[in-house]
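As structure tokens, the structure follows; a few thoughts come after it.
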Amino acid sequence: MERTKKEIITEYKERKILGGIFVIRNIDSGKILVDSTTNLQGAQNLFAFSKKTGSCGMIKLQKDWTITGKDRFVFEVLEELEKGETQTLKEYKDDIEVLKLMWKEKLANATFY
């Protein structure tokens, strides 16, 4: 049975939104790029696509990506955060940004891009 357009839209709006904090790590140098997103799966997919195509989508990583190669980088999720039912998107984004700052403090001894 085919779903109607209205059902598809409703499903999309009711889906669980999972964001969080992630790092992209250069396994040779240990340098990390800490970032946040409201869509962890999308960020992982973008990283996988970048590795598959060999193109680096993040300017901060570009030099090392070119020198050491795409296979020397890994994507790691540090923390996931699900959007609350009553939470606005702005509130959710703000919470994720606070979480990102907390992770940067935790990783203060790391070498950052």
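In the UniProt record's numbering, the protein residues as written are 1 to 113. Every residue, glycine too, gets a C-beta built ideally from N, C-alpha and C. Model, not experiment: these values are computed from the prediction.
Straight-line Cα distance separating residue j from residue i
i: LYS16; j: VAL77; result: 17 Å
i: PHE22; j: ASP28; result: 18 Å
i: LEU40; j: THR66; result: 25 Å
i: ARG72; j: SER36; result: 21 Å
i: GLU79; j: LYS90; result: 19 Å
i: LEU99; j: GLY20; result: 8 Å
i: residue 128; j: GLY54; result: Nothing can be reported for residue 128, as the shown portion of the chain is limited to 1 through 113.
Where the beta strand (DSSP E) through residue i begins and ends
i: ASN26; result: 18 to 26
Sheet register partners of residue i (DSSP bridge)
i: ASP35; result: PHE22
i: LEU81; result: GLY19
i: GLU2; result: None; GLU2 has no bridge partner.
Segment limits, alpha helix (DSSP H) that includes residue i
i: ASN99; result: With the sequence shown as reference, residue 99 is identified as Leu, and Asn is not the correct amino acid for it. Looking at the DSSP string, the run of the alpha helix (DSSP H) that includes LEU99 is 89 to 106.
i: ILE67; result: 62 to 68
i: GLY42; result: 40 to 53
i: ILE59; result: Neither: ILE59 is in no alpha helix (DSSP H) and is coded neither H nor E.
i: THR10; result: 5 to 14
Exposed unless 16 or more other CB atoms sit within 10 angstroms - verdict on residue i
i: LYS63; result: exposed
i: ASN26; result: buried
i: ILE9; result: exposed
i: LEU61; result: buried
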